[in-house]
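The next block holds one structure in the form of structure tokens; read it before the comments.
Chains as they are written, first to last, in our numbering: chain A, 126 to 478; chain B, 126 to 478; chain C, 126 to 478; chain D, 126 to 478.
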């Protein structure tokens, strides 16, 4: 269908790049933003690749404790400055915002320095392992929700965002069910350092439960088992929210068939569900079974779009001078829930909040 | 799962950018290629956006008969040179390859000039409306298959490519069925200029039928009807291939539920099918029905990945000095089939090839 | 949910057998009908089992040329009379209706004798191999449509009947696609005796095409191949109907994954499709694929309900003194289409009707 | 495919009624069994209709406290004897087995009388509201498992039975999830009499959890809410089994989209799930959504086959002189779990068993 029209006509009819961002490969935002990325490990690279698709975002600097990684990344993405000391970034007056993608133990200190350097901040979750420290941060910076966005990226996944937008279709919600299972268990080393399944893995689902229920937890119960590691790697969490919604989360460190990410909400007028994404759309019909592809392998593929949408939401909030859509307060609440799960598992009782 | 590891370790463990292109947002190829794009209408913009995600491709120049469009595009993508006369591009010695995205009537002349300027060429389909002209081109340039790739992008769609790769699972193929329906009929002006449904729309499916059957047509029959325009807009094509496979293609200029793109192949040991992609993965369970989302709206979304894979295939063929995977010869064969369909419809008889 | 209510209350609240036939296991009709079944082979047994679930139908006699089979069947179903000569049935004055389930070559003679004995008749398709003979029958008995129902059972399948009832949802139909594939090829002996794929197998689909299109064919084209037998066992049929609808039927004598029965109708306002039934509703998620069950094995299972609904339609027509919903005329039209397919295949040309 | 073969041949080739029960409409068992049904309310009628499809089962007598209902039922099914006093049934020496379908409060007394009259017994669940009474019954009759089968019909549903049979495919099970939601809430009167959601509704799922886990519960937690009635009508149950499996059950008295019945089991080598059955297999593709049919309306339709299979299992156990597949012991265990749920909800704590 590309023949026979003058290019200009065709262009303006079908592909209105000037007006609307219909091109899914390269993204446009109105504001030109100068940014820096701190921490260039896996999640840092994910954010860099996503940021690079925005034409009006200029990545001015990166930093990592590994000089090779910092240098290689700068070259790979044609970024003018690279550092091993992240504090060099805060010296640069012309940087508007920083992406904090370092290990969790650095988050809080870096966030504070960034706030004091007057940068907008995107910080990966968890903000800190200790919810008391998050509480302190909130206490010190009263305008924090306008300055710091925390990376609960699943809120920005197109599927989950569409659920949130259409919740009223099911009337009054009564049951929320969230499934979140990783494809394979992490290394023993990772597990030890991770802070446990609730703070490392369930925290995303606890945030999703708050996001969908639009309420706060009243009762939390967790049961679990150890199947792949010497730490709890399989768990069922039950939450009763203040508005009466009851919620079940199931997490497993292993789902051999891929990254299992589901959500369903029952209401008095119906149900909405989000089903898994498969790798492809083939079905093989054999003598014994109908075979289709396994699920997307892991979060990098499953939540690829969420990283793009998260950046858009970050920029929109700045432009419109409104609160970020996932804040330090959200980080605190999720952290408190994760701690309650841990306590429930250990003490074998219902935790009342 | 991003806490607790040193960034370097994490990076090399999970995100081996150096070795393999697992990052789906930004693409890497080994060769640095300098290219130019001719024709900046809808399809030209699609290719530009796809080309821009390749780090080692340098887009050196663009041209379009509209000076505004050429200038705007160059600015948008930071491309050094822009022209209104495409021949200026062939003067640039340092350009390795050109992307011909102009209207069909310009294709053949531009391809010849590009060949004579010693550029590699990617040309959008159809190569020409007249299959005799394509035949002449093939006769003149004996090494054409190493120099010219024609844009049958669906061959590179991950789903269809996966079918091709797994055909042996179903044994000997006996029936191929292809569905291809546009979401809405084009304007009367477009229809008139398009050369008719077979050369404009079915040609993709005729190429797919050859690609999957790995054979040439022996008999072609087309029946059709006019429902939305004063030209045939709904058609059933039947092909009998030399290897015995029988094939049905159904095309419609209108499918109100989205861009319907399906394929199935029956063999003596099973069946493989490619199902449609939906816009999202939600299901709404109401009192009266279970509702899920409609299909991807059109080719831009449905075949987004195919444009990326097509570029990879173009570059790989150059690197490995092998024939392009979709050639002038393929363009000729598809064009002959489209002409046979038209003849069958008009003359109400089976066309024997 | 069965505790605590008095049985009577509960019964009338939930299980209104008196008023509506909500019980799917045992069926009620208002008329008491005395019937006989002629021919106790496979299809005869299917009808017997279905008839036996109707409480108000009394099966008074059966006949088969095999005395053992006749005797065994009578004992199995507690039927008072059994014969080897079917004509004994027509002597019984108190029999209201006969089910003719004998081999095709007996159909026409038995139908005539039944008509002359003043019985209502249900006759299995095809009515006769020669469409001229069917035409003669129609000419002789002008009220035939009120006396003879022909067993195009798929019209009564709940899925296909639901499609028929909701056709207006898709606006003006433009394309009909029918898939009908048997699970395994028949024996050479069966194939020889069957009258060929069009009269034996496609005839159901040709009737379905007429049923859905509500029009008569104008052009018929068939192409085919021989993969499993020395007769055509794989075919694509294309029909252009007088109302402009174009239709594709694909048939294969072998689909290793089960009995493949699909229908889809595209209209200017949408599409309706009937998907296959699987044996069960399990999915197994393994490391390599998601596996679900194959399709229902064959027509006995897939169309089980259609035999029940067919009987209901037979009785309703008698009660309401209206034409049967599938008549001798339908048998004739389907037979003419099957002959046209055969002629198209042999002569390699489009057949105009 | 019924033409051209002699009926006898055809019959023995395709329809081996003598050897195997491939006919799904009418069922054959080897033993001739004389039975009676006590209680002719909704569930009694369901069992009667299922029993009636077995050729070798003779229903000799029925009883109900309503003389009209007893009389009507006897006439409807041509049953020789009907009573208003169930004890008349136990006087009949030639009755082999009784089906107890009366309200729960009668079950235990009738079971005891039937045992003392030396009948085999099929009794609907729950056996009694008080688990102590069930324990007493078990204590008194040591051979009870060979004499009494309790109607946990879902164990015999072909889908759930297939899951049970293929559990080893997923390795070691780690998580079981059961969803069971009724289409609409019962009347206030029913709710009051039902004994609460756990004993009335969850008891099926508690039995399923035991059936699949092949273990006994160690911890039970229930949370719930009241949305439609003044009793708990929505609940999440969490069970930790002795073998380490963790299990979640979600129940709701209302699912506006139909009778929602799902099961999934995660193991270290994969997952098995049972999905819902829809009313039909149609999809309507409109401009705004893809619509398919809602779920089977209620248990009568969804579990229709289970009642047939349950009867087969009852008979097979008698023939093979083995324990019934769902026993008084199973009834006791499920009842204890239901009580634990109730206690957990009331006392807001984890119940340890």
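Just so you know, even glycine gets a beta-carbon here, dropped at the ideal spot from N, CA and C.
- Query: Among C/410, C/325, C/185, which has the Cα closest to the Cα of residue 216 of chain C?
  - Reply: The residue you call residue 216 of chain C lines up with position 91 of the third chain. Measuring from the Cα of residue 216 of chain C, the nearest candidate turns out to be C/185.
- Any chance the region 426–446 of chain A sits against the region 302–320 of chain A, with 3 or more Cβ pairs inside 8 Å? Touching, no, given that fewer than three Cβ pairs across the two stretches are closer than 8 Å.
- Query: Among the residues of its own chain, which have a CB less than 7 Å from the CB of residue 169 of chain D, if the five just before and after it don't count?
  - Reply: Within the fourth chain, residue 169 of chain D is the residue found at index 44, counting from 1. Excluding its 5 nearest sequence neighbours in each direction, residue 169 of chain D has C-beta neighbours in its own chain below 7 Å: 162, 226, listed in chain order.
- Exposure label - residue 234 of chain C; buried when at least 16 CB within 10 Å: Numbered from its first residue, the third chain carries residue 234 of chain C at position 109. Exposed, by the Cβ-count rule.
- Note the first and the last residue of the continuous alpha helix (DSSP H) segment covering residue 236 of chain C. As a working note, residue 236 of chain C is residue 111 in the third chain. It spans 229–241 - the alpha helix (DSSP H) in which residue 236 of chain C sits, taken as one unbroken run.
- Would you mind telling me which residues of chain A sit closer than 7 Å to residue 396 of chain B, beta carbon to beta carbon, in chain order? Counting from one through the second chain, the residue named residue 396 of chain B turns up at place 271. Residues of chain A whose Cβ lies closer than 7 Å to the Cβ of residue 396 of chain B are, in chain order, 410.
- Item | Touch test, the region 367–378 of chain B against the region 358–377 of chain C, Cβ-Cβ under 8 Å, three pairs minimum | Result yes; three or more Cβ-Cβ pairs closer than 8 Å.
- For residue 278 of chain A, which three-state DSSP category applies? Taking the first chain and counting its residues from 1, one reaches residue 278 of chain A at position 153. DSSP places residue 278 of chain A in helix when its eight states are reduced to three.
- Message: With distance defined between alpha-carbon atoms, name the residue in D/420, D/253, D/181 nearest to residue 325 of chain D.
- Response: The count along the fourth chain starts at 1 and reaches residue 325 of chain D at position 200. Taking only the C-alpha atoms, the option nearest residue 325 of chain D is D/253.
- Item | 8 Å CB neighbourhood of residue 408 of chain D in its chain, flanking five on each side removed | The residue given as residue 408 of chain D occupies position 283 in the fourth chain. Hits under 8 Å: 415, 416, 417.
- Query: Any C-beta of chain A sitting closer than 9 Å to the C-beta of residue 380 of chain C?
  - Reply: Within the third chain, residue 380 of chain C is the residue found at index 255, counting from 1. Yes, residue 380 of chain C counts as interfacial toward chain A.
- Message: Within 10 Å of its beta-carbon, does residue 300 of chain B have 16 or more other beta-carbons around it, so buried, or fewer, so exposed?
- Response: In the second chain, residue 300 of chain B corresponds to position 175, counting from 1. Residue 300 of chain B comes out buried.
- Assign residue 312 of chain C to buried or exposed, taking buried as 16 or more other Cβ atoms, counted over all protein chains shown, within 10 Å of its Cβ. For this step, residue 312 of chain C is matched to residue 187 along the third chain. The residue is exposed, with fewer than 16 neighbouring Cβ atoms inside 10 Å.
- Through-space distance from residue 294 of chain B to residue 396 of chain B, alpha-carbon basis: Position 271 of the second chain, counted from the start, is the residue given in the question as residue 396 of chain B. Position 169 of the second chain, counted from the start, is the residue given in the question as residue 294 of chain B. So the two alpha carbons sit approximately 8 Å from each other.
- Message: Whether or not the region 449–466 of chain C and the region 327–339 of chain C are in contact is what I'm after, with contact meaning three or more pairs of Cβ atoms, one per stretch, closer than 8 Å; do they touch?
- Response: Judged by Cβ distances under 8 Å, the region 327–339 of chain C makes contact with the region 449–466 of chain C, as three or more pairs qualify.
- Look up residue 245 of chain A in the DSSP assignment and give the residues it is bridged to. For the purposes of this step, residue 245 of chain A is taken as residue 120 along the first chain, with counting starting at 1. In DSSP, residue 245 of chain A forms a bridge with A/222.
- Look at the alpha carbon of residue 340 of chain C and the alpha carbon of residue 285 of chain B, and state the distance between them as a whole number of angstroms. Reading the third chain from its first residue, position 215 is the one you call residue 340 of chain C. Reading the second chain from its first residue, position 160 is the one you call residue 285 of chain B. So the alpha carbons of these two residues sit roughly 36 Å apart.
- Item | Selection from B/189, B/219, B/342, B/194 that minimises the alpha carbon distance to residue 496 of chain B | Any property of residue 496 of chain B remains undetermined from this structure, which presents chain B solely from 126 to 478.
- Message: Here's a check: name, in chain order, each residue in its chain whose Cβ is nearer than 6 Å to the Cβ of residue 302 of chain B, leaving out the five neighbours to either side.
- Response: Numbered from 1 along the second chain, position 177 holds the residue referred to as residue 302 of chain B. Correct list, in chain order: 373, 389.
- alpha helix (DSSP H) runs wholly inside the region 311–352 of chain D, at least 4 long, in chain order: Along the region 311–352 of chain D, the alpha helix (DSSP H) occurs as fully enclosed runs of 4 or more residues at 313–319, 328–338, listed in sequence order.
- Query: Looking at C-alpha atoms only, which residue of D/236, D/273, D/278, D/317 is the closest neighbour of residue 171 of chain D?
  - Reply: On the fourth chain, residue 171 of chain D is found 46 positions in, with the first residue counted as 1. Cα-wise, what sits closest to residue 171 of chain D is D/278.
- Message: Is there a C-beta anywhere in chain D that falls below 9 Å from the one on residue 173 of chain B?
- Response: Position 48 of the second chain holds residue 173 of chain B. It does not: the Cβ of residue 173 of chain B has no partner Cβ on chain D nearer than 9 Å.
- Can you check whether the CB of residue 346 of chain A is closer than 9 Å to the CB of residue 322 of chain A? Position 197 of the first chain, counted from the start, is the residue given in the question as residue 322 of chain A. Position 221 of the first chain, counted from the start, is the residue given in the question as residue 346 of chain A. Going by C-beta atoms, residue 322 of chain A is not nearer than 9 Å to residue 346 of chain A.
- Spatially closest choice to residue 354 of chain B from B/381, B/343, B/383, B/314, by CA coordinates: Taking the second chain and counting its residues from 1, one reaches residue 354 of chain B at position 229. The shortest Cα separation from residue 354 of chain B among B/381, B/343, B/383, B/314 belongs to B/314.
- Message: Need the endpoints of the alpha helix (DSSP H) that residue 472 of chain B sits in, please.
- Response: The residue you call residue 472 of chain B lines up with position 347 of the second chain. Residue 472 of chain B: member of the alpha helix (DSSP H) spanning 453–472, first to last residue.
- Task: Determine whether the Cβ of residue 413 of chain A lies closer than 9 Å to any Cβ atom of chain C.
- Result: For the purposes of this step, residue 413 of chain A is taken as residue 288 along the first chain, with counting starting at 1. Answer yes: the Cβ-Cβ gap between residue 413 of chain A and chain C drops below 9 Å somewhere.
- What does residue 352 of chain C touch in chain B if you count any residue whose Cβ is under 8 Å from its own? Here residue 352 of chain C refers to the residue found at position 227 when the third chain is read from its first residue. Result: 297, 299, 369, 393.
- Cβ-based neighbour list, residue 259 of chain D, same chain, cut-off 7 Å, excluding 5 preceding and 5 following: Here the question's residue 259 of chain D lines up with position 134 in the fourth chain. Shown here for residue 259 of chain D: same chain residues with a beta carbon closer than 7 Å to its own, the five before and five after excluded, namely 252, 253, 453, 456, 457, 460 in chain order.
- Query: Which residues share a DSSP beta bridge with residue 408 of chain A?
  - Reply: Within the first chain, residue 408 of chain A is the residue found at index 283, counting from 1. According to DSSP, which records beta bridges pairwise, residue 408 of chain A is partnered with A/417, B/398.
- Message: At the level of alpha carbons, what is the spacing between residue 364 of chain D and residue 297 of chain A?
- Response: As a working note, residue 364 of chain D is residue 239 in the fourth chain. As a working note, residue 297 of chain A is residue 172 in the first chain. Rounded to the nearest whole angstrom, the CA to CA distance from residue 364 of chain D to residue 297 of chain A is 27 Å.
- Task: Could you name the residues of chain C that residue 349 of chain B contacts, counting a contact when the two beta carbons are closer than 9 Å?
- Result: In the second chain, the residue the question calls residue 349 of chain B occupies position 224. For residue 349 of chain B, the C-beta contacts it makes with chain C under 9 Å involve 365, 371, in order along the chain.
- Shorter than 9 Å from the beta carbon of residue 435 of chain D to some beta carbon of chain C? The residue you call residue 435 of chain D lines up with position 310 of the fourth chain. Interface annotation, residue 435 of chain D: not in contact with chain C, CB-CB separation never under 9 Å.
- Item | Opposing strand residues paired with residue 305 of chain C [DSSP bridges] | As a working note, residue 305 of chain C is residue 180 in the third chain. Residue 305 of chain C is bridged to C/376, C/386.
- Message: Which residue wins for smallest C-alpha separation from residue 400 of chain D, given the options C/399, C/405, C/401?
- Response: Translated into positions along the fourth chain, residue 400 of chain D becomes position 275. Of the listed residues, the one whose Cα sits closest to residue 400 of chain D is C/405.
- Task: Give a yes or no on whether the C-beta atoms belonging to residue 191 of chain D and residue 165 of chain D are separated by under 9 Å.
- Result: The residue given as residue 191 of chain D occupies position 66 in the fourth chain. The residue given as residue 165 of chain D occupies position 40 in the fourth chain. A contact, by the Cβ cut-off of 9 Å.
- Task: Could you tell me whether the Cβ atoms of residue 358 of chain C and residue 283 of chain C are closer together than 9 Å?
- Result: Here residue 358 of chain C corresponds to residue number 233 of the third chain, with the count starting at 1. Here residue 283 of chain C corresponds to residue number 158 of the third chain, with the count starting at 1. No. Outside cutoff.
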